[in-house]
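The working numbering numbers the first residue of the sequence shown as 1 and each following residue consecutively. Note that CB positions come from ideal geometry on N, CA and C, so glycine has one too. All of these numbers come straight from a predicted model, not from anything done at the bench.
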Amino acid sequence: MKLKRILPLMLIVPLAACGKKGKEEPVNKGDLIIPDIDVESMTINLPTKPVYNTGTMKSDDTYDYIDLYEVSDFHGAVNFRSGSEGAYLGLSKLSTYLKGKRALNEGGTLVLSSGDMFQGSAESNLTKGFMVNYAMQYMGFDAMAIGNHEFDWTDAWLKKNANLKYNTSSDPIPYLGANVYKKGTTELPDFLKASTIVERNGYKIGIIGTIGDELESSILASNVANYTFEAEAEIVAAEAARLRSEESCNAVVWLAHEGLEEIPIVEGVDAIFGGHAHEDKLDVQATPKVATRNYGRSVAHIGLKFNKTTKACSYVDNSAKLETFSTEKAQGIADDTNVSAIIHEYDSEVNKVKNIRLASTDVELEYNGVLKNICTETVFETAVNEAKAHPESGIDPDKIVCSFHNVNGGIRDNIKPGEITYGSVYAPFPFDNEVVLVKIKGSLLIKNLRLLSNLGCYRTFKDSSLFMRDGYYYIATTDFCAFSTSDSGINGRIKSEVTEADLTHTGKIVRDEVAKKIYKLDKIDPSRYANTMDCFKSIPQIF
């Protein structure tokens with residue numbers, strides 16, 4: 001274990017904030033202490049990994065059959081969870097489900113992923129993906145395309161996961177990213193492959209993986225500064241041709257971490273699995289394409305058949321399917337006790353962190369309502385307090401005029417009624433986004449204030465009629481929102497060129513600062529954070 005980091009309590013700064021109802025006093029509970037987990041130093045006792053693909057392949061007089069199963073955007077959903085929009089299957093039930101499918105075609109089943117498997121829960125994040133990675137290896141995943149969130153813990157951790165072995169005699173899951181190049185080259189980083197080859201009963205299946213070339217803007221810029229994401233179609237076509245001509249592959253499967261509509265049909269590819277969009281989608285008009293929902297709420301399937309004489313591959317009609325999981329259906333799937341054992345190996349350390357009690361709430365705190373407003377106020381307060389604590393920065397706290405946080409993906413979940421733990425806060429705030437201050441000219445701020453508000457969270461604490469067009473002010477936001485060129489970012493919204501020179505780093509992580517604020521309040525009054533958008537009514541003169 002590493003040394004504990006002590007997060008000191010913030011002072012509440014009286015603010016004339018829109019939507020504020022009454023005064024809310026902090027509770028003096030002392031410092032909030034959050035232990036770190038040194039996951040690499042932990043000794044994990046893993047159960048014996050099953051031997052898969054040793055049985056007979058499903059066949060008839062003319063064809064041999066291969067079944068492809070795929071899961072993407074699992075986002076570290078380690079535990080079963082019921083829900084009106086589909087149950088999170090969880091790792092243990094997913095393992096049992098896949099074992100059942102393998103039994104239908106013991107010698108002809110592949111299990112695949114189109115990425116974004118680790119980032120998203122306290123259990124997975126605190127173990128830096130190792131818990132989920134080990135469980136996937138136990139289940140026998142054959143390959144995984146990387147998603148944008150595989151970069152969230154920096155490429156150093158991505159490489160560690162790509163090289164993680166279940167035991168000394170096993171190989172890691174191949175991580176695929178055929179269109180991810182080292183900047184300025186056409187060379188892949190050493191933790192990625194363009195493709196991998198899986199053999200079943202003498203048939204060779206080439207598997208190619210890519211990430212959407214537009215998804216660089218969905219990743220913290222510093223985490224992909226050394227890479228470029230290139231357009232996929234030509235790269236996939238060339239790799240498919242190589243796999244067939246040089247490697248004698250009988251079929252080629254493409255794992256694409258992007259929405260199904262953005263994935264082109266490429267010659268030489270027999271089946272496509274999409275991801276990223278968190279939608280169940282199916283398209284079999286040409287090459288079969290399937291994409292699943294997030295959090296293990298569905299599993300995709302495509303069947304391929306191989307002519308026994310010619311070895312030619314074709315699609316099994318009506319085999320492209322999505323199996324979704326209602327709460328009732330998921331509850332009918334037993335837990336795999338060995339996968340549960342992998343999860344429990346981490347319990348003692350994970351529970352020390354995720355079970356820290358922060359506060360309580362009588363109502364659900366919705367991510368696009370009360371919770372986003374708590375978050376945005378926290379971002380503002382953190383920036384102001386840091387400016388006051390560090391006058392050497394030269395930042396006048398009175399010139400920090402507003403704060404933004406991306407609710408479209410930046411805040412992921414609600415907080416349920418009852419006790420609020422650190423784990424409760426991890427679910428909506430799984431990313432290690434840092435609070436930063438962006439320096440911006442008054443004229444640009446005035447021109448784009450309403451446009452910036454569409455980032456999802458908005459709170460202003462100043463009379464904007466006082467803004468001087470020739471003066472400079474500061475926006476409190478996150479490092480992701482500062483740099484992103486997508487609609488989630490300042491650069492994307494106002495087409496400005498925010499650079500590192502415009503940023504002041506606080507070193508404060510949004511999730512931890514929100515946890516500290518909730519911890520101080522002890523009991524959440526949702527009416528206090530019911531509305532912030534009324535701010536616009538008081539400043540019509542600038543629009």
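Cα-Cα separation, residue i to residue j
| i | j | result |
| --- | --- | --- |
| THR62 | TYR203 | 15 Å |
| THR118 | ASN125 | For the sequence presented, residue 118 should be read as Phe rather than Thr. Roughly 7 Å between the two C-alpha positions. |
| LEU243 | ALA251 | 9 Å |
| HIS344 | ASN79 | 11 Å |
| GLY296 | THR287 | 24 Å |
| TYR529 | GLU381 | 14 Å |
| VAL435 | GLU262 | 33 Å |
| PRO526 | ILE374 | 9 Å |
| GLY76 | LYS321 | 23 Å |
| LEU9 | PRO397 | Residue placement at LEU9 cannot be trusted, given a pLDDT of 31 that sits under 50; what the coordinates show is reported in the next sentence. The straight-line gap from Cα to Cα measures roughly 19 Å. |
| ILE542 | GLY442 | Only weak support exists for where ILE542 lies, its pLDDT of 34 falling under 50; the value from the coordinates is given anyway. Whole-angstrom Cα-Cα distance: 12 Å. |
| ASP413 | LEU371 | 9 Å |
| ASP280 | ILE400 | 43 Å |
| LEU551 | SER348 | This structure leaves residue 551 out entirely; the chain is present only between 1 and 543. |
| THR185 | ASN179 | 11 Å |
| TYR426 | MET131 | 16 Å |
| ARG5 | ILE33 | Here ARG5 scores only 33 on pLDDT, less than 50, and its place in the model is too uncertain to base an answer on. |
| LYS23 | LEU521 | Residue placement at LYS23 cannot be trusted, given a pLDDT of 43 that sits under 50; the coordinates are not used to answer. |
| SER340 | ALA330 | 16 Å |
| THR43 | PRO172 | 18 Å |
| THR228 | HIS278 | 24 Å |
| GLU150 | ASP432 | 13 Å |
| THR327 | SER298 | 12 Å |
| LEU445 | LEU437 | 14 Å |
| GLY55 | LEU104 | 10 Å |
| ALA225 | ALA482 | 15 Å |
| TYR473 | ILE395 | 9 Å |
Integer-rounded CB distance, given that residue j should sit under 8 Å from residue i
| i | j | result |
| --- | --- | --- |
| VAL350 | TYR422 | Not quite, the Cβ-Cβ distance comes to about 11 Å (not below 8 Å), so this is no contact. |
| GLY140 | TYR65 | Not quite, the Cβ-Cβ distance comes to about 18 Å (not below 8 Å), so this is no contact. |
| LYS182 | PRO174 | At roughly 19 Å, the Cβ-Cβ gap does not stay under 8 Å, so LYS182 and PRO174 are not in contact. |
| LEU304 | LEU112 | 13 Å between Cβ atoms; not a contact. |
| TYR69 | LEU98 | 6 Å |
| ASN133 | ASN163 | Actually they do not touch by this definition, with Cβ atoms about 10 Å apart. |
| GLY274 | SER114 | 6 Å |
| LYS49 | TYR138 | 6 Å |
| PHE429 | VAL510 | 6 Å |
| ASN294 | ASP73 | 4 Å |
| ALA87 | PHE325 | 5 Å |
| THR378 | VAL514 | 5 Å |
| ASP116 | HIS276 | 7 Å |
Status (buried if at least 16 other CB within 10 Å, exposed otherwise) for residue i
| i | result |
| --- | --- |
| THR168 | exposed |
| ILE440 | buried |
| THR309 | exposed |
| THR478 | buried |
| VAL363 | exposed |
| ILE574 | Because the chain is modelled from 1 through 543, residue 574 falls outside the range shown and cannot be assessed. |
| ASP470 | exposed |
| ILE265 | exposed |
| GLY332 | exposed |
| MET468 | exposed |
| ILE342 | buried |
| GLU267 | exposed |
| ALA501 | exposed |
| SER222 | exposed |
Below-7 Å beta-carbon distance, residue i vs any chain B residue
| i | result |
| --- | --- |
| LEU126 | In the structure shown, chain B cannot be found, because there is only a single protein chain. |
Cβ-based neighbour list, residue i, same chain, cut-off 6 Å, excluding 5 preceding and 5 following
| i | result |
| --- | --- |
| TRP157 | LYS128 |
| GLY206 | SER195, ILE197, LEU243, CYS249, VAL252 |
| GLY90 | ASN79, PHE80 |
| ASN201 | MET57, GLY107 |
| GLU386 | THR506 |
| ASP336 | SER92, SER95, THR96 |
| LYS508 | THR382, VAL435 |
| ILE219 | ASN148, PHE151 |
| ILE235 | ALA178, ASN179 |
Cut-off 7 Å between Cβ atoms - residues of its own chain near residue i, not counting five sequence neighbours on either side
| i | result |
| --- | --- |
| PRO420 | The question names Pro, but residue 420 is Ile in the sequence shown. Once the five neighbours on either side are set aside, the close Cβ partners of ILE420 are LEU358, ALA359, SER360, THR361, ILE518. |
| LYS21 | At LYS21, the pLDDT of 39 sits below 50, so the modelled position is not reliable and the matter cannot be decided from this model. |
| ALA241 | GLY268 |
Counterpart residues of residue i in DSSP-defined beta bridges
| i | result |
| --- | --- |
| ASP421 | Rather than Asp, the amino acid found at residue 421 in this sequence is Thr. DSSP output for THR421 lists ARG357 as bridge partner(s). |
| ILE302 | LEU68 |
| CYS313 | PHE306 |
| ASP283 | LYS289 |
| MET144 | SER113, TYR175 |
| PHE273 | LEU255, VAL290 |
| TYR481 | It should be pointed out that residue 481 corresponds to Cys in this sequence rather than to Tyr. In DSSP, CYS481 forms no bridge with anything. |
| THR210 | ALA256 |
8 Å CB neighbourhood of residue i in its chain, flanking five on each side removed
| i | result |
| --- | --- |
| LYS537 | Low confidence applies here, because LYS537 scores a pLDDT of 37, under 50, leaving its location unreliable; read the following figure in that light. Cβ neighbours of LYS537 beyond the five flanking positions: none. |
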